[in-house]
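Residue numbers (this note's numbering), protein chains in the order written: chain A, 16 to 518; chain B, 3 to 124.
Every residue, glycine too, gets a C-beta built ideally from N, C-alpha and C.
Since this is a predicted model, take the numbers as computed values, not measurements.
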Amino acid sequence: MESDAHLAKAPESEPSVPPPPFLTTAAVAILLTDLAGVVTYANPCAEALYGRPLIGLPLSGLASPYSRPDQDRAFRAVLNGGSFDSILEHLIKGERCVPVHLIMSPAYDEHNRLQGVSCFVHNVDDMMRFQRSLQHERDQFEAILESATDAFLMLDSNGHTALMNSMFGRLFNISRLSLVGRPIGEALRNLPHLPAKLVGLLLTLSQNAYHTEAGTFEIGTPKQRVLYWYTAPVYAPDGAPMGRLFTFRDVTIEREVDRMKTEFVSLVSHELRTPLSSVLGYAEYIIEGDAGPVSQEVLECVQTIHNNAERLTSLINDILDLTRIEAGRIELRPNWCDLGQVVRKVVEDVRPIINRRHQHILEYIPEGLPAVWIDSERIGQVLTNLISNASKYTPERGTIIIELGVVDDLEALPPGATDDVHVPCALVTVQDTGYGIDAEALPHIFERFYRSEDAQRRRIQGSGLGLTVAKSFVELHKGHIWLQSEVDKGTAVYFTLPISEGN
Amino acid sequence: MSYILVAEDDSDIQVLVRRKLEGAGYTVRATAYGDEAIQLACGERPLLLLLDVQLPGVSGLDVCRYVKGYYENTPPPVIMISAKGQQADVDAGLDAGADDYMIKPLVLRELVQKVQNAIQNS
Chain A
16 MESDAHLAKA
26 PESEPSVPPP
36 PFLTTAAVAI
46 LLTDLAGVVT
56 YANPCAEALY
66 GRPLIGLPLS
76 GLASPYSRPD
86 QDRAFRAVLN
96 GGSFDSILEH
106 LIKGERCVPV
116 HLIMSPAYDE
126 HNRLQGVSCF
136 VHNVDDMMRF
146 QRSLQHERDQ
156 FEAILESATD
166 AFLMLDSNGH
176 TALMNSMFGR
186 LFNISRLSLV
196 GRPIGEALRN
206 LPHLPAKLVG
216 LLLTLSQNAY
226 HTEAGTFEIG
236 TPKQRVLYWY
246 TAPVYAPDGA
256 PMGRLFTFRD
266 VTIEREVDRM
276 KTEFVSLVSH
286 ELRTPLSSVL
296 GYAEYIIEGD
306 AGPVSQEVLE
316 CVQTIHNNAE
326 RLTSLINDIL
336 DLTRIEAGRI
346 ELRPNWCDLG
356 QVVRKVVEDV
366 RPIINRRHQH
376 ILEYIPEGLP
386 AVWIDSERIG
396 QVLTNLISNA
406 SKYTPERGTI
416 IIELGVVDDL
426 EALPPGATDD
436 VHVPCALVTV
446 QDTGYGIDAE
456 ALPHIFERFY
466 RSEDAQRRRI
476 QGSGLGLTVA
486 KSFVELHKGH
496 IWLQSEVDKG
506 TAVYFTLPIS
516 EGN
Chain B
3 MSYILVAEDD
13 SDIQVLVRRK
23 LEGAGYTVRA
33 TAYGDEAIQL
43 ACGERPLLLL
53 LDVQLPGVSG
63 LDVCRYVKGY
73 YENTPPPVIM
83 ISAKGQQADV
93 DAGLDAGADD
103 YMIKPLVLRE
113 LVQKVQNAIQ
123 NS
């Protein structure tokens, strides 16, 4: 054990030149010791810090027992020409043990003789507390990132990897070491086993500061997976660009469930359609007279069987369409089409229904309409649903109007259009002089299986899917659909289809 | 004797189609199996083939391709029948050489019309 004898209180040293006046008003605690480590001068700030007169006390005694050995060692080193700048624990006023920033340097008298050590002391308790809470926040933040089931990767504005969570590492079998802190291009070059799609995504978007995008892709290694990705630029609170964040989510299971759902619905639909086919076929056979003459009553009964079988078929088709649309499995087969021709064909097909109700149908198809890039079968389906609705919900002898046009100006759109309609576009209007739709029913009108109370009261047949399917197909074409209606006056359904310029 | 060959595995539909076509004056031979359809068609040249795409074993598409190839100089007309919504089936049928197609559920009057047109055009 080292002897502290040389640190014991020394006899009174020679009186030296008084310290300059500025030391008394300095806002940092300043001490001067003699060669034995006894305080020979302490400014008022120091006495306030330690809460007691310090002259004659050993510097060593100011340190907590924990920090004392380090401080003593450092003191001796400073006397030998070293310096000390570090944080230690000192016992300050009120018997409190706090962290202080201590700077010690050799002190020379006016004859340039080593006379002791000068000390500057600053209470850093608050600062340390603040640092600890920052660290705590940072730890919390990291804990959240680490426990997230999404994979995160953040690039700073220089294209270096700033941050990566362990989910990212697990998903792509990459270690933090190989990415964090390095420029992304260089890091990726050293990781040849990564899926090309991931590399492509990271490289292209790391060059772009502003883009926000999302998508999905499949990877085969390390396991077969479908991943949903999202990327967006990141900004500091003051608006300065900080970099770019990439998020990846494993959606393999969701996709699988979707696929199973579609398969199930397809299978069920097929099973349901097969017997329906027979019902329709045999009913038609009787109606056409191929089974021989039948009484009027029998004929009417069989006609009813046929009608209902047709309704059922429609319903199954609609459900199958909707399920496929939801699962993202509808493939449109677009072509350049003459919208007027599509309308005329549909009107021809529905004419028997219109005639049966003694209704009038008027077509306003202007000359020189530009061709539209649409799946004519699906848009035909939309029109059929709208016209069939118009007919059903209009009394006998009512009128249905179909109008086609091109809209160049957002102002020229009929009321009720949303803000995001792109012009120029083709506009189709199907208007009737029918019962109209109640204000209460309007917000629900496109919902699946929704039938308004009015429709039910009037015993109008319908599955509640016609508008839902129409909306889905219009939106798949990147169009918009909406309606305006007044009770007892009629309803107008509008839908737009984009016209691509050029091409 | 010239006949129409019908390959359809749903027996109710098979019976219905037979009755309708016989009522329109044609002779009909029907089967539920693709391989039997090939045997019949190659045994004696039919006037027309009415084939469902989905048959157990050998598919309607295979029958179409085989028979068209067998009678390469005078191929008989083929009408394919497929379930609604299977656009891919329709395309496949036309690719395999079918002259026309119908979508289920069948509208009988339309069927007779298509059969008559196809026979006339060949």
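Can you name the residues that DSSP bridges to residue i?
| i | result |
| --- | --- |
| C44 (chain B) | Bridge partners of C44 (chain B): none, in fact. |
| Q499 (chain A) | A:A507 |
| V263 (chain A) | As written in the sequence, residue 263 (chain A) is Phe, which differs from the Val given in the question. In the DSSP output, where bridge partners are listed per residue, F263 (chain A) has A:A166, A:W244. |
| N350 (chain A) | A:I389 |
| I118 (chain A) | A:D100, A:F135 |
| G71 (chain A) | Paired residues: none, contrary to the question. |
| M82 (chain B) | B:L53, B:Y103 |
| C66 (chain B) | None; C66 (chain B) has no bridge partner. |
| D447 (chain A) | A:I415 |
| Y300 (chain A) | Answer is none; Y300 (chain A) lacks a bridge partner. |
Helix, strand or coil for residue i, going by three-state DSSP, please let me know.
| i | result |
| --- | --- |
| I415 (chain A) | strand |
| K24 (chain A) | With a pLDDT of only 46 at K24 (chain A), under the threshold of 50, the placement of this residue in the model should not be trusted; the figure read from the coordinates follows. Coil, per DSSP. |
| Q56 (chain B) | coil |
| P290 (chain A) | helix |
| H375 (chain A) | strand |
| M257 (chain A) | strand |
| N518 (chain A) | Residue confidence is low: N518 (chain A) scores 34 on pLDDT, short of 50, so the model does not pin down where it sits. Its coordinate-derived value is still stated next. N518 (chain A) falls in the coil class under three-state DSSP. |
| R326 (chain A) | helix |
| H285 (chain A) | helix |
| F99 (chain A) | strand |
| L77 (chain A) | helix |
| N58 (chain A) | coil |
| S403 (chain A) | helix |
| Y5 (chain B) | coil |
| L50 (chain A) | coil |
| F12 (chain A) | With chain A covering 16 to 518 only, the question about residue 12 (chain A) has no answer from this structure. |
| H175 (chain A) | strand |
| E468 (chain A) | helix |
| H321 (chain A) | helix |
| K106 (chain B) | strand |
| T40 (chain A) | helix |
| R144 (chain A) | helix |
| H105 (chain A) | strand |
| D453 (chain A) | coil |
| L206 (chain A) | coil |
Which word fits residue i, buried or exposed, when buried means at least 16 other C-beta atoms lie within 10 angstroms of its C-beta?
| i | result |
| --- | --- |
| I159 (chain A) | exposed |
| I514 (chain A) | buried |
| L149 (chain A) | exposed |
| L151 (chain A) | Note on identity: in this sequence residue 151 (chain A) is His, with Leu being the wrong assignment. So H151 (chain A) counts as exposed. |
| L425 (chain A) | exposed |
| K22 (chain B) | buried |
| W351 (chain A) | exposed |
| R185 (chain A) | exposed |
| T399 (chain A) | buried |
| I70 (chain A) | exposed |
| D435 (chain A) | exposed |
| Q446 (chain A) | buried |
| S221 (chain A) | buried |
| Y68 (chain B) | buried |
| S101 (chain A) | exposed |
| F510 (chain A) | buried |
| Y72 (chain B) | exposed |
Please tell me whether, using a cut-off of 7 angstroms, the distance from the CB of residue i to the nearest non-hydrogen atom of the ligand SAM is below it.
| i | result |
| --- | --- |
| S193 (chain A) | Ligands are entirely absent from the displayed structure, and the ligand SAM is therefore not among its contents. |
Interface residues of the region 304-326 of chain A facing chain B [CB-CB below 9 angstroms]: D305, A306, A324, E325
Validate contact between the region 451-467 of chain A and the region 475-483 of chain A using beta carbons, cut 8 angstroms, 3 pairs: yes
Interfacial residues, the region 276-308 of chain A to chain B, with Cβ spacing under 9 angstroms: S281, S284, H285, R288, T289, P290, L291, S292, S293, V294, L295, G296, Y297, E299, Y300, E303, D305, A306
Members of the region 204-232 of chain A that neighbour chain B once the beta carbon cut-off is set at 9 angstroms: none
The region 93-106 of chain A in contact with the region 153-167 of chain A per 3-pair CB rule at 8 angstroms: no
Sufficient close CB pairs (3 or more, under 8 angstroms) joining the region 360-378 of chain A to the region 494-506 of chain A: no
Under 7 angstroms (Cβ pairs) to chain B, residues found in the region 325-340 of chain A: T328, N332, L335
Proximal residues, the region 93-110 of chain B versus chain A, C-beta separation under 9 angstroms: K106, P107, L108, V109, L110
Touch test, the region 11-20 of chain B against the region 289-308 of chain A, Cβ-Cβ under 8 angstroms, three pairs minimum: yes
The region 88-107 of chain B contacting the region 25-35 of chain B, beta-carbon criterion three pairs below 8 angstroms: no
Cβ contact check for the region 45-52 of chain B and the region 72-86 of chain B: 3 or more pairs under 8 angstroms: yes
Near-chain A residues of the region 23-56 of chain B - C-beta to any C-beta below 7 angstroms: G25
The region 60-70 of chain A in contact with the region 80-88 of chain A per 3-pair CB rule at 8 angstroms: no
Touching by the beta-carbon criterion (3+ pairs, under 8 angstroms), the region 275-287 of chain A and the region 303-311 of chain A: no
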